[in-house]
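Residue numbers for the sequence shown follow the working numbering, beginning at 4 and rising by one.
Below: one structure, written as structure tokens.
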Amino acid sequence: MDNLELKAEDVEKILKEHEDFFSSGKTKDINFRLQQLRKLKEGIKKYEAKIIEALQKDLGKHPFESYTTEIGFVLMSITYTMKNLKSWAKPKKVKTPYVLFPSRSKIVYEPYGTVLIIAPFNYPFQLVIEPLIGAIAAGNCA
């Protein structure tokens, strides 16, 4: 079980790698984000049987329940996110107060950087992957 332990120096190394990657600016590109979501979806489909098996062994979940409440839910979420990401990421025009004439105002969505995902055990797959989808879509590292 030693190989599953996470040491403080390992966490620091992982965090540094995430920060360095975020600083490279690659995650700001919408096409990069879509590619990452596509890869996540492909990985889930590829390992679907193993995920179902793990959920059955760990929590006693029936394969149908595992698919409908965990895997299928996540796959639909990825598809929905990929379909809408470009429109969500577009800057939004907002009204500018007259006192600031002739300027124009808009909301520009920017990623924060590195995010930490913490999930409970009752839906271990869905409640980890759902926030990951949002983090990737927003251009963050997780």
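For glycine and all other residues, C-beta sits at the position ideal for the given N, C-alpha and C.
Bear in mind the structure is a predicted one, so any value in this text is a computation, not a measurement.
Rounding to the nearest angstrom, what Cα-Cα distance links residue i and residue j in this structure?
i       : j       : result
Thr-30  : His-21  : 11 Å
Tyr-112 : Leu-58  : 36 Å
Met-4   : Lys-109 : Note that Met-4 scores a pLDDT of 43, beneath 50, so its modelled location is shaky and nothing firm can be said.
Ala-138 : Val-118 : 7 Å
Ala-145 : Tyr-115 : 11 Å
Leu-88  : Leu-62  : 33 Å
Ser-27  : Asn-143 : 12 Å
Pro-100 : Val-131 : 42 Å
Which residues does DSSP list as the beta-bridge partners of residue i?
i       : result
Ile-110 : Lys-95
Thr-117 : Cys-144
Within 10 angstroms of its Cβ, does residue i collect 16 or more other Cβ (buried), or is it exposed?
i       : result
Ser-106 : exposed
Ala-52  : exposed
Lys-48  : exposed
Leu-103 : exposed
Gln-38  : exposed
Val-97  : exposed
Tyr-83  : exposed
Tyr-126 : buried
Lys-64  : buried
Since residue i and residue j should fall inside the 8 Å C-beta cutoff, what is the C-beta to C-beta distance between them, to a whole number of angstroms?
i       : j       : result
Arg-41  : Ala-140 : Going by Cβ atoms, the distance from Arg-41 to Ala-140 rounds to 12 Å, so no, they are not a contact pair.
Ile-120 : Leu-135 : 6 Å
Phe-25  : Glu-73  : The Cβ separation is near 28 Å, so there is no contact.
Glu-15  : Val-77  : Their Cβ separation, rounded to whole angstroms, is 30 Å, which puts Glu-15 and Val-77 out of contact at 8 Å.
Gly-33  : Ala-92  : A small correction: the amino acid at residue 33 is Ile; Gly does not occupy that position in the sequence shown. Ile-33 to Ala-92, Cβ: 5 Å. Contact.
Suppose contacts are defined by Cβ-Cβ distances below 8 Å. Is residue i in contact with residue j by that definition?
i      : j      : result
Ile-55 : Tyr-70 : yes
Cβ of residue i less than 8 Å from any chain B Cβ?
i       : result
Ser-106 : Among the chains of the structure shown, chain B does not appear; only one protein chain is present.
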